[in-house]
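Asks: Mind looking over this structure? Questions follow.
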Amino acid sequence: MRRKRIHIVAGGTVAAIAAAAVLVAGSPALADPGRGHGHGHGGGACEAEAPGPLGGDLGAHDPGLYTPCEEGEPWYVFATGWGPLGDGNITIRTSVDDGATWTYTDTVWDVKPAWLTEAVPGVDNLWAPEIVEDDGEYLLYYSASTFGRQRSVIGLATNTTLDPSDPGYEWVDQGQVWESNPGDPYNAIDPTVLEARGERYLAYGSWWSGIYMIELDRRSGKAEDGAVPVHVAGRGGAGIEAPSLVRHGRYYYLFTSWDGCCAGADSTYSIRVGRSTSPTGPFTDRDGVALTEGGGTLVLGAHGDYVATGGQSIHHGLMAYHSYHEDGHFDLGVEEIRWRGGWPVLDGV
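Heads up, the sequence shown is in the working numbering, so the first residue is 513 and it goes up one at a time.
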């Protein structure tokens, strides 16, 4: 099924702009046309129809989705690395038919930067990437950690193009953005970026006290000097991770993944959400429960033959996620976020 682009230009009607109000990170200061995995081009935002059932290589865990506004351009999914592929570096998949069929193409690097293995002893795969476009430059945030441990770092790589056939294609290591150490109230993994009110924020977190947010320096893409983390969601030590953020109408929506990942058919992941009129919270769920007090309205969990869903990202009105099948494998999903009564709806198609 072919997707269509809906271009919203400056000066459009209030209704048209509201209908397209999905926050894209990297966009210029506002209107706030989008979120995290994203880009903005001054003239407005774009959205797309859902691709329907997907085919090809769908083995993307914690997918970071990037869809261009231009018709006919490839789509990209960056995902958690896997063992022998490129030393566990972030994997890249592309689609040339508007998200319907996916092909594994490469890893970001062939060998991890040396500082990562020094900073996080035992690090294997790099996790949970976030891709952001900023004025023609692509910023790839990712996390380096080991399972169940709190010594973690969020790193940054940049590129001037996503096209590997371009002579200028090269992922440049920009080093560390943020870190966590034993004793911190958070774990510095699963980064997501939000552009809001002329500022740029990084949300991150997994288990421990939950999800936190810091302000980024727009020039370097890294944490502001003296950045103080703000606690935006938590479950008293229970499973919560993988934040993603989007603006719709007057609200900012914080999505998280709850419970257990990475256990095959025994996984229990589900996507939950809360909202706030401020990009940094406080966020509350549909019942008015604060996300810092364990709140979170269910968006999608088990569906069809799948027992768990999470690791989500958002770009141009679409959400990408992975779902664990009842036979234990996981698949990429991409669908349009629909809105009912001010709350997001997913079908798991």
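Where a beta carbon is used, it is the ideal one built from N, C-alpha and C, also for glycine.
Here the structure is a predicted model, which means the values were calculated and not measured.
For T670, which residues from the same chain have a beta carbon less than 8 Å from its beta carbon, with the 5 sequence-adjacent residues on both sides left out?
Replies: For T670, where only same-chain residues beyond five positions count, the Cβ hits under 8 Å are E649, Y650, L651, L652, W683, V684, Q686, G733.
Asks: Give a yes or no on whether the C-beta atoms belonging to I602 and L566 are separated by under 8 Å.
Replies: No, they are not a contact pair.
Asks: By Cβ distance below 8 Å, which residues in the same chain neighbour G860 in space, the five residues on each side in sequence not counted?
Replies: Counting only Cβ-Cβ distances below 8 Å, and skipping sequence neighbours, we find L812, H815, G816, Y818, T821, S835, G845, E847.
Asks: Are the region 823-830 and the region 759-771 in contact at 8 Å, needing three or more beta carbon pairs?
Replies: At 8 Å Cβ cutoff, the stretches touch.
Asks: Rounded to whole angstroms, what's the CA-CA distance from I849 to T673? Just pull it up for me.
Replies: Each residue's Cα considered, the two are about 27 Å apart.
Asks: Can you tell which of V689, R709, G695 has its C-alpha closest to the C-alpha of P703?
Replies: Nearest of V689, R709, G695 to P703, Cα basis: V689.
Asks: Out of P791, S790, T804, G808, which has the shortest C-alpha to C-alpha gap to R798?
Replies: Taking only the C-alpha atoms, the option nearest R798 is G808.
Asks: From I726, D610, A591, pick the residue whose C-alpha is nearest to that of A619; which is it?
Replies: The residue you asked about is not Ala; residue 619 is Thr in the sequence shown. Residue A591 is the option with its Cα nearest to T619.
Asks: With DSSP collapsed to three states, give me the class of L597.
Replies: Looking at L597 - three-state DSSP - the assignment turns out to be helix.
Asks: Is there contact between the region 701-715 and the region 773-793, where contact requires at least three CB pairs shorter than 8 Å?
Replies: Output reads yes: the region 773-793 touches the region 701-715.
Asks: Grab the span of the beta strand (DSSP E) containing L628 for me, first residue to last.
Replies: Not the beta strand (DSSP E): L628 falls in the alpha helix (DSSP H), residues 626-631.
Asks: Evaluate H828 with the Cβ neighbour count: other Cβ atoms within 10 Å of its Cβ, from every protein chain shown; 16 or more gives buried, anything less gives exposed.
Replies: Per the 10 Å Cβ criterion, buried.
Asks: I need the DSSP call for W720, collapsed to helix, strand or coil.
Replies: Here W720 sits in coil by DSSP.
Asks: Just to confirm my understanding: we take G746, look at its own chain, exclude 5 residues before and 5 after, and list those with CB closer than 6 Å. What are they?
Replies: Taken in chain order, the residues that qualify are S721, G722, T804.
Asks: Tell me whether A820 sits in a helix, a strand or coil according to DSSP, three-state version.
Replies: Three-state result, A820: strand.
Asks: Mind checking who N671 pairs with in its DSSP beta bridge?
Replies: In the DSSP output, where bridge partners are listed per residue, N671 has Y650.
Asks: Which residue or residues does DSSP assign as beta-bridge partners of Q662?
Replies: Q662 pairs with nothing; no bridge assigned.
Asks: Return the chain-ordered list of same chain residues with a C-beta closer than 6 Å to the C-beta of V742, the five sequence neighbours on each side being excluded.
Replies: Hits under 6 Å: M725, T792.
Asks: With distances taken between CB atoms, is the gap from W621 to H760 smaller than 8 Å?
Replies: No, they are not a contact pair.
Asks: Please report the Cβ distance between V623 and A656, rounded to the nearest whole angstrom; I am assuming they are in contact, meaning their Cβ atoms lie under 8 Å.
Replies: The pair is not a contact, with the Cβ atoms about 14 Å apart (cut-off 8 Å).
Asks: For L810, is the classification buried or exposed, using 16 other Cβ atoms within 10 angstroms of its Cβ as the cut-off for buried?
Replies: Classification for L810: exposed.
Asks: Near D675, what residues of its chain come up, given a Cβ to Cβ distance below 7 Å and the 5 sequence neighbours on each side ignored?
Replies: Same-chain partners within the cutoff: Y681.
Asks: By Cβ distance below 6 Å, which residues in the same chain neighbour V589 in space, the five residues on each side in sequence not counted?
Replies: Here the set comprises A572, P575, L577, R605.
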